[in-house]
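Okay, so here's the structure we're looking at.
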Amino acid sequence: MSPEDAALLAAVCEGSERAFNELVDRHQQAVRQFVRRVVGPDDADDVAQETFLAAWSQARSFRGGSTVRSWLFGIAWRKAKDLQRVGLRRGRRDTAWLAEANVSAQADIGATEYALAQALSTLSIDQRAALMLCLAYGMTNEEAAEALHMPLGTVKSHVLRGRERLRDVLGDET
Amino acid sequence: MTDDLDSKLGALLRAGAPPERDPLFRIRVLERRERERYRRRSRALLAGALCVTLIHAVALVLAPDVFTAGASAVLGLAILGAGALSAASVVRVVRSLRR
């Protein structure tokens, strides 16, 4: 864990607003991008904001066994799952990803981004989360398993299948 | 080969990320946190006020001699005055509790 992050989190535990601001500035990009890819762009910032609110109120629960970023990913993941549960209860979440991908395509975001959104829409939320942590943010399978509270074998399988699916759908784009 | 593919996929997954520094996002987080705090404090205040009213009501029933009519009137006026002064806040709290 970076010593700066450890010091920041210790200061957050003491109630330092400045340290909290710095923590948000440092990690917002990664957390928001992770959530965007996992739940889609519509709810992403809402979930990311909830993540940092939880980090503020639960800073003392950080045990130091992982990096602060990994801990934040873990909180974001739980928030994303909560959102998915609510969405499934409302019966709209299943089709949300494709709809968002189509909207994104209309907004002319580029062929590769569109293909990626389509490819991700064919994966489960668990697979998307495992892929993001391992491929986009370079975490090991073990670290991802800890952050996502999944068995190691499950994460390995998600990454393997997700990678294959992305390669199939993206084809020459990669 | 796999490493190469992984790094390309990783770059694709990171593409289109929000800016590295985004003060607007931070402000939204802080705003939300303040709203949460306000809501919590308001709930605590409301709960406190309810407790005081309840205790007073029970005391009036159990020991009416202790609480004279004058004391009750003063307390009632104080509660009404506080309510009138913070009517807008009370409405906001009630609305937030309904959400």
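So the protein lines, in turn, are chains L and B.
1 is the number of the first residue of the first sequence in my numbering; add one for each residue after it.
1 is the number of the first residue of the second sequence in my numbering; add one for each residue after it.
Backbone N, C-alpha and C define an ideal beta-carbon position, used for all residues, glycine too.
From the options, residue whose alpha carbon lies closest to that of residue i
i, options, result
"B/A49", "B/A82, B/L5, B/A11 and B/G10", "B/A82"
"B/S89", "B/Y38, B/C51 and B/L54", "B/Y38"
"B/I79", "B/C51, B/A11, B/P23 and B/R14", "B/C51"
"L/A147", "L/S70, L/L116, L/F62 and L/G162", "L/S70"
"L/V159", "L/L170, L/F73, L/P151 and L/L135", "L/L135"
"B/V74", "B/V58, B/T53, B/A63 and B/V94", "B/T53"
"L/S124", "L/A115, L/K81 and L/P151", "L/K81"
"L/F62", "L/D46, L/K79, L/E50 and L/D5", "L/D5"
"B/P18", "L/D42, L/A30 and L/G110", "L/A30"
"B/R92", "B/E36, B/S7, B/D22 and B/D3", "B/E36"
"L/K156", "L/R167, L/M139 and L/G171", "L/M139"
Below-7 Å beta-carbon distance, residue i vs any chain B residue
i, result
"L/F52", "yes"
"L/Q28", "yes"
"L/Q106", "Summary for L/Q106: the model assigns pLDDT 48, below 50, so the residue's position carries little reliability, and this model does not support an answer."
"L/L9", "no"
"L/Q49", "yes"
"L/V35", "no"
"L/N21", "yes"
"L/A55", "no"
"L/L133", "no"
"L/V24", "yes"
"L/A59", "no"
"L/R32", "yes"
"L/L148", "no"
"L/L116", "yes"
"L/L166", "yes"
"L/E14", "no"
"L/E4", "no"
Chain L contact for residue i (CB, 7 Å cutoff)
i, result
"B/A17", "yes"
"B/R92", "no"
"B/G81", "no"
"B/G10", "yes"
"B/V109", "The question about residue 109 of chain B has no answer, for chain B in this structure spans 1 to 99."
"B/D6", "yes"
"B/V29", "yes"
"B/A88", "no"
"B/D22", "yes"
C-beta contact flag for residue i and residue j at 7 Å
i, j, result
"B/R26", "L/V24", "yes"
"L/W56", "L/F20", "yes"
"L/E113", "B/G10", "no"
"L/R37", "L/M132", "yes"
"B/L12", "L/L120", "no"
"L/L9", "L/V39", "no"
"B/D22", "L/Q28", "yes"
Cβ distance (whole Å) where residue i is taken to contact residue j below 8 Å
i, j, result
"L/R26", "L/A48", "That belief does not hold up - the Cβ atoms of L/R26 and L/A48 are roughly 13 Å apart, past 8 Å."
"L/I75", "L/A54", "5 Å"
"L/C13", "L/R60", "5 Å"
"B/L5", "L/R167", "7 Å"
Residue-chain proximity (residue i, chain D), Cβ-Cβ < 7 Å
i, result
"L/A136", "Included in the structure are the protein chains L and B, with no chain D among them."
Q: Please determine if the region 27 to 34 of chain B and the region 118 to 135 of chain L are in contact, where contact requires at least 3 C-beta pairs separated by less than 8 Å.
A: no
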